[in-house]
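Engineer: The letter at position 167 of the sequence shown is residue 967 when you use our numbering, and the numbering goes up by one with no holes. Beta carbons are placed, not taken as given, at the ideal position from N, Cα and C, and that holds for glycine.
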Amino acid sequence: MSTAGDWELVVGLEVHVQLKTRTKLFCGCLVQFGAQPNANTCPVCLALPGALPVANAHAVELATRASLALGCTLHPMSIFARKNYFYPDSPKGYQISQFDQPLATDGFIDTVPRGDFPPVRIGITRVHMEEDAGKSIHDRFPGVSAIDLNRSGTPLVEIVSEPDIRSAEQAGSYLRELKLILEYVDVSDVSMEEGSLRVDANVSARRRGATTLGTKTEIKNLNSFSGVERAIDVEFARHVSLLEAGEPIVQQTMLWDGVNVRPTRSKEGSHDYRYFPEPDLPPLVLEQAWIDRIRDGLTELPAARRRRFTAAFGLSAYDVDVLTSSPRIAEYFETLASASGEPKTAANWVMGDVLAQLKQTGQDIADFPVAAAALGDLLRLVRDGTVTLTSAKRVFAQMIVSGDAPLDIANREGLIKVDDDSQLSAWIKEVLAEMPDEAARFRGGEKRLQGVLIGAVMKKSKGRADPKMVSQLVARLGT
Ligand SMILES: [Zn+2]
801 MSTAGDWELV
811 VGLEVHVQLK
821 TRTKLFCGCL
831 VQFGAQPNAN
841 TCPVCLALPG
851 ALPVANAHAV
861 ELATRASLAL
871 GCTLHPMSIF
881 ARKNYFYPDS
891 PKGYQISQFD
901 QPLATDGFID
911 TVPRGDFPPV
921 RIGITRVHME
931 EDAGKSIHDR
941 FPGVSAIDLN
951 RSGTPLVEIV
961 SEPDIRSAEQ
971 AGSYLRELKL
981 ILEYVDVSDV
991 SMEEGSLRVD
1001 ANVSARRRGA
1011 TTLGTKTEIK
1021 NLNSFSGVER
1031 AIDVEFARHV
1041 SLLEAGEPIV
1051 QQTMLWDGVN
1061 VRPTRSKEGS
1071 HDYRYFPEPD
1081 LPPLVLEQAW
1091 IDRIRDGLTE
1101 LPAARRRRFT
1111 AAFGLSAYDV
1121 DVLTSSPRIA
1131 EYFETLASAS
1141 GEPKTAANWV
1151 MGDVLAQLKQ
1161 TGQDIADFPV
1171 AAAALGDLLR
1181 LVRDGTVTLT
1191 SAKRVFAQMI
1201 VSGDAPLDIA
1211 NREGLIKVDD
1221 DSQLSAWIKE
1231 VLAEMPDEAA
1241 RFRGGEKRLQ
1251 GVLIGAVMKK
1261 SKGRADPKMV
1271 SQLVARLGT
C-alpha cells in the first residue's frame, strides 16, 4: 500500500491532451496520425523565418469546452507565451504555450467511488493551450536520427492537477474520470496508444502530518493508466527508502520502463524557460456571449448521467458504471431502454450480448451493425411472446450478420415461439420415448427429473417451445 507507514504520498498529475481538430494550432496543416513523415508541414510549423502563427478557432473552442467541463474558471483574456528550450524536434527553439495567464484555472474532478475507495475531489490548478513538438525517430535509419515534424504544432491542452492525490488508486480514478469527461464533451480521441493523452506524474513523500511538500520528482510520458499507478508506487517506495536512510531526494525527471523508474536529465526550473509573451500572437480574448454559448451547448457530463440513470432506471451502481463508460454506450442503452420500454432488460442486453460482441470484434459501439431501435424491436418480440429468449439470442446473432429486421429473421429461420398444444405434446411424447428410464422415474415421483425433461423438450424444439407451457404439460405427467 502506498500510503502505509509513516510517510504520505503526494501526487500531482499533468495531462497533455491532443485536441480533435482537423488542422494544427497555428497553421492550416492537417493533424493526421500515421501520415508519411513531414507530409503535413508548412513554413509556420517548420519555423521558417518570417512565417507567422494564427490561432485555430476550433482548437480554442475545444479547449474552452474542456475547461468548462472540468469546472474551471475561464479567463476572458489569456496570453500565449514562448517557452524557450532547445529540442531537436522543436524547430523554432521555443514552444508556444501559456504561462502566467492561462486559459482557465481552479477546476476539479470528483472521482467515482469503487470498492473500498471513497470518492475524493481532486483540484485542477489550470488548463492551458500549447502546441506539440515534432518527433525524433531513432530506429529508422542506422546510425542517424530523423525528425518528423507532422506532429509539430498539433493543438494540446495541458491539464494540471493540484497535489491532492494521496494514492496510486486515486491517480488512476482521477485519470479515468478525466478521460471520460473529455470523451463526453468530444474534445479529444483520448487514445493513449496514439499519444493523444499523455501523463506526467509529480511524486513526493512527506512525514504523515507534515504540511509542507517534500522534494518532488517527475515521471514523464506514462502511456497507460495502470503504468501510472505502478510507476507512482515504485517511485514512492524509492523516495521513502531514501528518506528513511536520511538521504536527500534529488529533484529530477524520471522515466518509467514498465518495471523501474530511472533518471533522465535534471529538472529545469521554470525560470530556465525564460517565458515571455508571444510577440507574434495577440492576447486570446473570449467574449462572454461566446463562452455562454459553449457552456449552454455542453453535453451532459458523466457524473450527471450516472445520477440520472440511477434515478430514472433504478439500476445498480455497477450497471450504471458500465452503461456510462462511454458516451456512445450510454446513448445506445438509453435509446434501447426507451424503444423497448424495459430499462433493466435493455441493460442486461447491452452489458451482456452487445458488449460481448464488441469485445470479440474489437469494434466501437458506433459501428455496431445492430441499431438500438432494431434491438428494441427484438426485445418487444420477446416481451409480447412472439419469440422465446433462447430464440431471441439466435435472432440477434443473425441481425449482426444480415442487418435484417428481427421479425423477418424469426419468420425465415422458423424461430417463432411454439405454444400450440399439439406440437408441444408431440415433442414431449418424443422425449418420453427417448428417455424411458427418466420418464418412468419421474412418473414414479422423482420430481427433480422434471427439469431434465423440460430441458430435453426445449432442446428438441430448438428453443422455440413456450417454456411456461412445456413446464405445465410436463408437470401434469408427474401427478
Ligand atoms: Zn503547418
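Please go through the same chain and pick out, in chain order, the residues whose beta-carbon is closer than 6 Å to the beta-carbon of Val1150, but skip the five residues on each side of it.
Structural biologist: Same-chain partners within the cutoff: Phe1133.
Engineer: Just the residues with CB closer than 6 Å to a heavy atom of ligand 1, in chain order, which are they?
Structural biologist: Spelled out in chain order, the answer is Lys824, Cys827, Cys829, Thr841, Cys842, Val844, Cys845 and Gly953.
Engineer: Return the bridge partner residues of Leu830 from the DSSP annotation.
Structural biologist: Per DSSP, Thr823.
Engineer: Do the stretch 1183-1196 and the stretch 1210-1225 make contact, defined as three or more Cβ pairs closer than 8 Å?
Structural biologist: Because the criterion of three Cβ pairs below 8 Å is met, the stretch 1183-1196 and the stretch 1210-1225 touch.
Engineer: Do you know how far the Cα of Glu1234 is from the Cα of Arg1276?
Structural biologist: Distance between the alpha carbons of Arg1276 and Glu1234: 19 Å.
Engineer: Does any C-beta atom of chain B lie closer than 9 Å to the C-beta of Leu1101?
Structural biologist: Note that chain B does not occur in the displayed structure, where there is just one protein chain.
Engineer: Hey, out of Ser952, Phe1025, Lys1262 and Met929, whose CA is closest to Ala971's CA?
Structural biologist: Cα-wise, what sits closest to Ala971 is Phe1025.
Engineer: Could you give the distance in angstroms between the alpha-carbon of Ser1136 and the alpha-carbon of Pro891?
Structural biologist: Rather than Ser, the amino acid found at residue 1136 in this sequence is Leu. If I take the Cα positions, the gap works out to 51 Å.
Engineer: Check the C-beta distance from Asp932 over to Arg921 and give it rounded, since I have them as a contact under 8 Å.
Structural biologist: So it is not a contact: roughly 30 Å between Cβ atoms.
Engineer: Take Gln1088 and list the residues in its own chain whose beta-carbon comes closer than 7 Å to its own, dropping the five residues that flank it on each side.
Structural biologist: Counting only Cβ-Cβ distances below 7 Å, and skipping sequence neighbours, we find Pro876.
Engineer: Quick one: Cα of Ala835 to Cα of Thr1017, how far?
Structural biologist: So the two alpha carbons sit approximately 35 Å from each other.
Engineer: Is Ser1202 helix, strand or coil by DSSP?
Structural biologist: Ser1202: helix per DSSP, three-state reduction.
Engineer: How many angstroms separate the CA atom of Thr905 from the CA atom of Arg926?
Structural biologist: When rounded, the distance between both Cα atoms is 4 Å.
Engineer: Since Arg1062 sits in a beta bridge, which residues does DSSP pair it with?
Structural biologist: Looking at the DSSP assignment, Arg1062 forms a beta bridge with Leu1055.
Engineer: Since I believe Phe1196 is in contact with Leu1178 (beta carbons under 8 Å), could you give me their beta-carbon distance rounded to a whole number of angstroms?
Structural biologist: Confirmed, Cβ separation roughly 6 Å.
Engineer: Which stretch, first to last residue, makes up the alpha helix (DSSP H) that contains Met1269?
Structural biologist: Per DSSP, Met1269 belongs to the alpha helix (DSSP H) from Pro1267 to Leu1277.
Engineer: Would you identify the three-state DSSP class for Lys1020, choosing helix, strand or coil?
Structural biologist: Looking at Lys1020 - three-state DSSP - the assignment turns out to be strand.
Engineer: Looking at the unbroken alpha helix (DSSP H) that takes in Tyr984, where does it start and where does it end?
Structural biologist: That run of the alpha helix (DSSP H) goes Ala968 to Tyr984.
Engineer: In whole angstroms, what is the alpha-carbon distance linking Tyr974 and Phe1076?
Structural biologist: The alpha-carbon atoms of Tyr974 and Phe1076 are separated by roughly 32 Å.
Engineer: Measuring only the C-alpha atoms, how far is Val1003 from Ile1165?
Structural biologist: Taking the straight line from one Cα to the other gives about 37 Å.
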